[in-house]
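**Student:** Residue numbers (the numbering used here): 237 to 686. Could you have a look at this structure, given as structure tokens, before my questions?
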């Protein structure tokens, strides 16, 4: 780029920054619900749903009273769901997908039929892997997934039909194929961007979603039952989180226009990719690596506290003053997903001889909130959220970091499709919130006067 071009680009960048700045005081003046949040941090009520519910506190005369967290799928506490399938020694993601999409718990026969249907639809269309994945490998698997979703439109003989019959068919195909798209996207990245051997393993009809994913990303196809159970639990806990989270709200917004399912789901994937949404557990892992490199004795609580204080004082790690993985926008006393994942992670930590590292997480979970309260000078209760443990779980499963957020998408596709169906059945109006223009009127300046 020439000096003239660089100067011109700098001018354009300066204009883009200057003319898109809005004074923060104006948001307060016009009572703008920034981020669609009320002044007390609660979300602005913009819709109704019967799919998922997130409970983290009790409102008493406008005051938020901390409470134990609850996550409900179609009105059923996720604790009950997990307890049941774990006691019966079976995988739970397929059951949860059925519940979220169709609104009822399946009978044993219905679940068997649904699993069979998923197994029959896991294979990608003829030519898809070579033409859509291998010929255009991406260094970011979430972008590869979004492209694969959009490309699916071209392989669908009836992509624009929004009848429930057709969308249910598309939903089943997407739930079945998301793990395959992610696994193949990863293999393409590892080969073309990482100079590793290329492994394209065909999905197995008789395997669960969690088993299939581990089977497809590992060169030798091998995994233990406990590994598959832990990944399955993670999928269950990430499948749905109410209608207000960013990616699910994107589903409602985009689907309200009447566009096709592939455009809707691709927009949700794009939302989830953001580090403020689906990529949060990666930040936790980066922080934990920093802590492990700077704390000599992980079992020394005082040494751990000393370094966490440095992080809170913006003297260490990324200098943001945050202990990532602690606290949540809704949950207060506990995040049920973190509690359930921690319990199962303890089993695998023992199997993988990673108990020392797991104990470090427990120490941070114990002392982090105390330090936070002391530093901030308030009694706000914070607890670990699901991202605090999910990254450690994936590490124990030998899953590369670049797959952490795509795994989130593999889980959340069930919730997204459920909300898409809900919008089609009960929505009916395009979502169009208001933005107030604050620039005022300006006159057009003729070219020769500029």
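Virtual Cβ for every residue (Gly too), placed ideally from N, Cα, C.
Could you name the residues of the same chain whose beta carbon sits closer than 8 Å to that of residue 518, not counting the 5 residues immediately before and after it, in chain order?
**Tutor:** Excluding positions up to five away in sequence, the list reads 511, 627, 637, 640, 641.
**Student:** Tell me which residue opens and which closes the beta strand (DSSP E) that residue 177 is part of.
**Tutor:** There is simply no residue 177 to check, as the chain begins at 237 and stops at 686 in what is shown.
**Student:** Contact check, residue 307 vs residue 469 under 8 Å by CB: the rounded distance?
**Tutor:** Residue 307 to residue 469, Cβ: 13 Å. No contact.
**Student:** Taking 8 Å as the threshold (C-beta atoms), are residue 283 and residue 479 in contact?
**Tutor:** Against a cut-off of 8 Å, the Cβ pair of residue 283 and residue 479 comes out as a contact.
**Student:** Less than 8 Å between the beta carbons of residue 607 and residue 541, yes or no?
**Tutor:** Against a cut-off of 8 Å, the Cβ pair of residue 541 and residue 607 comes out as a contact.
**Student:** Going by C-alpha distance, which of 522, 681, 488 is nearest residue 666?
**Tutor:** Selected option, being the one with the closest Cα: 488.
**Student:** Rounded to whole angstroms, how far is the Cβ of residue 446 from the Cβ of residue 471, which I believe are closer than 8 Å?
**Tutor:** Contact holds; Cβ gap of about 6 Å.
**Student:** Identify whether residue 406 lies in helix, strand or coil by the three-state DSSP scheme.
**Tutor:** Of the three classes helix, strand and coil, the one that applies to residue 406 here is helix, per DSSP.
**Student:** Do residue 369 and residue 421 count as a contact pair if the criterion is CB distance below 8 Å?
**Tutor:** Against a cut-off of 8 Å, the Cβ pair of residue 369 and residue 421 comes out as a contact.
**Student:** What's the gap between the Cα of residue 319 and the Cα of residue 579?
**Tutor:** Rounded to the nearest angstrom, the two C-alpha atoms are 12 Å apart.
**Student:** What is the DSSP secondary structure of residue 649, reduced to helix, strand or coil?
**Tutor:** DSSP places residue 649 in helix when its eight states are reduced to three.
**Student:** Quick check: the stretch 401 to 413 against the stretch 668 to 676, are at least 3 beta-carbon pairs closer than 8 Å?
**Tutor:** No, they do not touch.
**Student:** Three or more C-beta pairs closer than 8 Å, one from the stretch 266 to 275 and one from the stretch 287 to 294: is that the case here?
**Tutor:** With the cut-off at 8 Å, the stretch 266 to 275 and the stretch 287 to 294 do not touch.
**Student:** Bridge partners for residue 300 per DSSP, in chain order?
**Tutor:** Paired residues: 295.
**Student:** Below 8 Å on the Cβ atoms is my contact criterion, and I expect residue 609 with residue 616 to pass it. Report the Cβ-Cβ distance as a whole number of Å.
**Tutor:** Confirmed, Cβ separation roughly 7 Å.
**Student:** Can you give the beta carbon distance from residue 505 to residue 365, rounded, assuming they're within the 8 Å contact cut?
**Tutor:** That belief does not hold up - the Cβ atoms of residue 505 and residue 365 are roughly 19 Å apart, past 8 Å.
**Student:** If you count every other CB in all the chains shown that lies within 10 Å of the CB of residue 549, and 16 or more means buried, which is it?
**Tutor:** That one is exposed.
**Student:** Got a sec, what are the start and stop residues for the alpha helix (DSSP H) residue 249 sits in?
**Tutor:** Note, residue 249: alpha helix (DSSP H), 239 to 254.
**Student:** Tell me which same chain residues have a C-beta within less than 7 Å of the C-beta of residue 706, skipping the five on either side of it?
**Tutor:** Because the chain is modelled from 237 through 686, residue 706 falls outside the range shown and cannot be assessed.
**Student:** Among 662, 255, 333, 508, which one has its Cα closest to the Cα of residue 653?
**Tutor:** It is 333 whose Cα lies nearest to the Cα of residue 653.
**Student:** Alpha carbons only, please: which of 324, 432, 600, 335 is nearest the one belonging to residue 651?
**Tutor:** Nearest of 324, 432, 600, 335 to residue 651, Cα basis: 335.
**Student:** So residue 599 is in the alpha helix (DSSP H); what residue range does that whole segment cover?
**Tutor:** Where residue 599 is concerned, the enclosing alpha helix (DSSP H) stretches over 591 to 612.
**Student:** How many Å lie between residue 252 and residue 246 at the Cα?
**Tutor:** In a straight line, the C-alpha of residue 252 is about 10 Å away from that of residue 246.
**Student:** Based on the DSSP output, what are the partners of residue 620 in its beta bridges?
**Tutor:** Paired residues: 562.
**Student:** Residue 510 by DSSP, collapsed to three states: which one?
**Tutor:** Coil, per DSSP.
**Student:** Contact defined as beta carbons within less than 8 Å: I believe residue 544 pairs with residue 559. What is the distance between those atoms, to the nearest angstrom?
**Tutor:** Their Cβ separation, rounded to whole angstroms, is 6 Å, which keeps residue 544 and residue 559 in contact under 8 Å.
**Student:** Using a Cβ-Cβ cut-off of 7 Å (strictly less than) and excluding sequence neighbours within five positions of residue 450, which residues of its own chain qualify?
**Tutor:** Correct list, in chain order: 459, 463, 464, 467.
**Student:** Where does residue 308 fall in DSSP's three states?
**Tutor:** Three-state DSSP puts residue 308 in a strand.
**Student:** What span of residues does the alpha helix (DSSP H) with residue 484 cover, start to end?
**Tutor:** From DSSP, the alpha helix (DSSP H) with residue 484 extends over 482 to 491.
**Student:** Going by alpha carbons, who is nearest to residue 527 out of 249, 573, 588, 600?
**Tutor:** Taking only the C-alpha atoms, the option nearest residue 527 is 600.
**Student:** Using the three-state DSSP reduction, which class does residue 496 fall into: helix, strand or coil?
**Tutor:** Coil, per DSSP.
**Student:** Within the continuous alpha helix (DSSP H) that includes residue 260, where are the two ends?
**Tutor:** It spans 260 to 265 - the alpha helix (DSSP H) in which residue 260 sits, taken as one unbroken run.
**Student:** What ranges does the alpha helix (DSSP H) occupy inside the stretch 330 to 368, keeping only unbroken runs of at least 4 residues that lie completely in it?
**Tutor:** Correct list: 344 to 356.
**Student:** In whole angstroms, what separates the C-alpha of residue 412 from that of residue 355?
**Tutor:** Between residue 412 and residue 355, the C-alpha separation is close to 7 Å.
**Student:** Identify every run of the alpha helix (DSSP H) within the stretch 407 to 472, keeping only runs that are complete inside it and at least 4 residues long; order them along the chain.
**Tutor:** Taking only runs of at least 4 residues, the alpha helix (DSSP H) segments lying wholly in the stretch 407 to 472 are 445 to 453.
**Student:** Are the Cβ atoms of residue 317 and residue 328 separated by less than 8 Å?
**Tutor:** A contact, by the Cβ cut-off of 8 Å.
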